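The numbering of the sequence shown is our numbering, which starts it at 1 and goes up by one. Glycine included, every Cβ here is placed at the ideal spot set by N, Cα and C. This one's a predicted model, so the numbers in the text were calculated from it and none came from an experiment. To start, the structure under review is shown below, and the notes come after it.
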Amino acid sequence: MPSPCINWCDINPENGYCRGCYRALSEIADWSDLSNSEDVEDWADYRINHTE
């Protein structure tokens, strides 16, 4: 699964999440180490939490 990064990297100091991809720094750093099933689960959580 491709990274959700849209090349707009700006960490919101209020919540610690990137304003472009809505991931925390730890999630960004660990993304390439995740398996595909973990990627899908993370992506599903991302979509649920950030598209409403």
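Which residues DSSP lists as bridging residue i, in chain order
{"i": "Ile11", "result": "Cys18"}
{"i": "Ala24", "result": "Tyr17"}
Minimum Cβ-Cβ distance from residue i to chain C less than 9 Å
{"i": "Ser37", "result": "The structure shown contains no chain C; it is built from a single protein chain."}
Straight-line Cα distance separating residue j from residue i
{"i": "Asp33", "j": "Ser26", "result": "11 Å"}
{"i": "Asn15", "j": "Pro2", "result": "24 Å"}
{"i": "Trp31", "j": "Gly20", "result": "15 Å"}
{"i": "Asn12", "j": "Cys18", "result": "6 Å"}
{"i": "Thr51", "j": "Asp45", "result": "Low local confidence applies: a pLDDT of 49 at Thr51 is under 50, so the model's placement there is unreliable, and no value is given."}
{"i": "Asn36", "j": "Asp42", "result": "10 Å"}
{"i": "Ile28", "j": "Trp8", "result": "13 Å"}
Helix, strand or coil at residue i [DSSP, three-state]
{"i": "Ser32", "result": "helix"}
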